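*Asks:*
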């Protein structure tokens, strides 16, 4: 790993030189003379003195530099039966005019704009238009409940809300305007205007302060890019599932542009002119970083997909998109592949499509269990690459750097720390753990460019939430270990380490055992309070379609497997076969919610849940009620 090791060591030993060199890939109005400002540590700032515009870097410079007629964005919507594509010139022109419409509504540099939209091209246009004006966008996942939207309005105090009239799910249409109206009846802060993109599936009734998108654009003149400081905020993204005052993760302009432009060729081996598909949502950090900004920053073509991995219309949906648009790589969540595997375990749908242009599958967002890794590897015949990062970091912490130096893949590990991230494993006192021993995963400060510099309007909360547990470190909240080869194994949130009769055990390790059973499509293990042993593990498994096995036989085999692989100390005896596991819209299994219900708490339905019915069906099982 000579090339990787050289880059990694340089990034830690001389971050000034490393990141100033990386910054040369970005167009600057005023180039930074320094990379890192540490005078206000632990509130570090990257590229002080630098001035740029992120929208210029994502669009205008490519139009001016010879990519005007290259496709920038492909829209593929099986839920509406529509497709469209936009060249860099076309996307730049749409963004410039909508930026002009926002300017006419009084939006300027530093103002906040909440974007409440589904996976449609104008969601991307709205994000980039804000960046063009130097305004700060905050995308809220379309369909979030009024209460959750209201807390974000109160925190971000937007001048304008940009919305669509509705979102479209495989089985229903969700009207957005009534949600916005209800949210705004409860907020002290009121936006000056609500811009509404009308969709024919459910047109919205507009009130006095509401503005029709098409009418606003028809009257607007194109806006030019507004230069901003590298340290000025580009966006606020609220972490999912927060209660009370939400945590607004801030992303700056300069560090964000440099980090993402470095990451796509080096981590993902994706280059200008190539087609890249991230199957996520613009409401999540993955959508911000790798649907919108990173591919456009480097001059690639990005796919925007309004659909699901199964059911729109079948388990071949992903294969069709890859084949039709000649995508070189796909980035999605492991849960998407578990859904495909469950419905089509033999991958029969794959035979219908030509995936000859496809080179790599990248998975993140939830731990990639070895069984899903092996299934995807076998069926696709390309490298299946796990990597690990967070909303807060904005780009990968640990990965297999396919463009810098591809490394051997170890199932169960997202590979090695990415340059810029000084990853350490610490015990409860903050001492570093030996190789192979599990502890808290922490990152030595400073964090690299592109990561959160703070929380919106609350430096103290940022320090308290992330930097106070171990002096000089950012606490990731995940546990794991580093093996003898330097590979990081992320075993799950530290909440998911349970204590069984004094033995600390990872529920992630038990899940890996359950997932290896040929009848199991996906699974979860939680710790439940026990008067004798402190905690006991409970397992929940979803079967593959067509799995032919008696439930009692399956339970016996799973219990025996955990006993064999983890040991009797795990005291694993309780496993239930269920129809589905509750998940967020980004694919994370709601283990914390499941654990709370199992322990007798009256857990509310999280705002981020994909299908509340799945949790409702699971409640009596979690509570032990037949």
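Residue numbers (UniProt numbering): 1 to 626. Here a beta-carbon is modelled for each residue, glycine too, at the ideal position from N, C-alpha and C. Predicted, not measured: the structure shown is a model, and the values here were computed from it.
Is residue 54 buried or exposed, if buried means 16 or more other CB atoms sit within 10 Å of its CB?
*Replies:* Buried, by the Cβ-count rule.
*Asks:* DSSP has residue 273 in a bridge; who is on the other side?
*Replies:* For residue 273, which the question treats as bridged, DSSP gives no partner whatsoever.
*Asks:* Select from 251, 491 and 464 the residue whose C-alpha is nearest the C-alpha of residue 453.
*Replies:* Closest by alpha carbon: 251.
*Asks:* Within 10 Å of its beta-carbon, does residue 273 have 16 or more other beta-carbons around it, so buried, or fewer, so exposed?
*Replies:* Per the 10 Å Cβ criterion, exposed.
*Asks:* Would you call the stretch 457–469 and the stretch 404–421 touching, i.e. three or more CB-CB distances under 8 angstroms?
*Replies:* Segments in contact, no.
*Asks:* Going by beta carbon distance, what residues of the same chain come within less than 7 angstroms of residue 133, once the five residues before and after it are set aside?
*Replies:* The residues are 99, 102, 103, 107, 108, 109, 223 and 226.
*Asks:* Could you pull the start and end residues of the beta strand (DSSP E) that residue 628 belongs to?
*Replies:* A query on residue 628 cannot be resolved here, the shown segment of the chain reaching from 1 to 626 and no further.
*Asks:* Give me the Cα-Cα distance between residue 64 and residue 566, rounded to the nearest whole angstrom.
*Replies:* Cα to Cα, the separation comes out at about 59 angstroms.
*Asks:* Where in the UniProt domain "AMP-binding enzyme C-terminal" (510–588) do unbroken runs of the alpha helix (DSSP H), each at least 4 residues long, occur, reported from the N-terminal end onward?
*Replies:* As far as the UniProt domain "AMP-binding enzyme C-terminal" (510–588) is concerned, its whole alpha helix (DSSP H) runs of at least 4 residues are 551–565.
*Asks:* Thinking C-beta only, is residue 253 closer than 8 angstroms to residue 230?
*Replies:* In this structure, residue 253 lies closer than 8 angstroms to residue 230 by Cβ.
*Asks:* What does the alpha-carbon distance come out to for the pair residue 217 and residue 97?
*Replies:* Cα to Cα, the separation comes out at about 6 angstroms.
*Asks:* Starting from the C-beta of residue 482, find all residues in its chain whose C-beta is less than 6 angstroms away, skip the five residues before and the five after it, and write them out in chain order.
*Replies:* 425, 435 and 488, listed in sequence order.
*Asks:* Would you kindly check if the distance between the Cβ of residue 591 and the Cβ of residue 524 is under 8 angstroms?
*Replies:* Yes, Cβ-Cβ distance for residue 524 and residue 591 is below 8 angstroms.
*Asks:* Return the first residue and the last residue of the alpha helix (DSSP H) that residue 596 is part of.
*Replies:* Taken as a continuous stretch (DSSP letters only), the alpha helix (DSSP H) holding residue 596 covers 591–598.
*Asks:* Can you name, in chain order, every residue of its own chain whose Cβ lies under 6 angstroms from the Cβ of residue 85, other than the five neighbours on each side?
*Replies:* So the list reads 71 and 74, once near-sequence residues are dropped.
*Asks:* Considering Cα atoms alone, identify which of 221, 171, 363 and 153 is closest to residue 188.
*Replies:* If we check each option's Cα against that of residue 188, 153 comes out closest.
*Asks:* Just to confirm, are residue 498 and residue 476 a CB contact at a threshold of 8 angstroms?
*Replies:* No; because the gap between Cβ atoms is not below 8 angstroms, this pair is not in contact.
*Asks:* Flag this pair as yes or no: are the beta carbons of residue 352 and residue 375 separated by less than 8 angstroms?
*Replies:* In this structure, residue 375 does not lie closer than 8 angstroms to residue 352 by Cβ.
*Asks:* For residue 124, which three-state DSSP category applies?
*Replies:* Note: residue 124 maps to helix in three-state DSSP.
*Asks:* With 16 other CB atoms within 10 Å as the buried threshold, where does residue 623 fall?
*Replies:* Classification for residue 623: exposed.
*Asks:* Look up residue 606 in the DSSP assignment and say whether it is helix, strand or coil.
*Replies:* Coil, per DSSP.
*Asks:* Which partner residues of residue 432 appear in the DSSP bridge assignment?
*Replies:* Beta-bridge pairing links residue 432 to 426.
*Asks:* Does DSSP put residue 487 in a helix, a strand or coil?
*Replies:* If DSSP states are grouped into helix, strand and coil, residue 487 belongs with coil.
*Asks:* Near residue 379, which residues of its chain fall below 7 angstroms by C-beta distance, leaving aside the five closest residues on each side in sequence?
*Replies:* Excluding positions up to five away in sequence, the list reads 347 and 350.
*Asks:* So what does DSSP say about residue 235, is it helix, strand or coil?
*Replies:* Strand at residue 235.
*Asks:* Which of the three DSSP states is assigned to residue 353 in this structure?
*Replies:* If DSSP states are grouped into helix, strand and coil, residue 353 belongs with coil.
*Asks:* Checking the sheet assignment: what are the DSSP bridge partners for residue 362?
*Replies:* In the DSSP output, where bridge partners are listed per residue, residue 362 has 331 and 385.
*Asks:* Can you check which of these residues, 304, 205 and 198, is closest to residue 181 by C-alpha distance?
*Replies:* Taking only the C-alpha atoms, the option nearest residue 181 is 205.
*Asks:* So, for residue 437: in the same chain, excluding its five sequence neighbours on each side, which residues have a beta-carbon less than 8 angstroms away from its beta-carbon?
*Replies:* These residues qualify, in order along the chain: 425 and 481.
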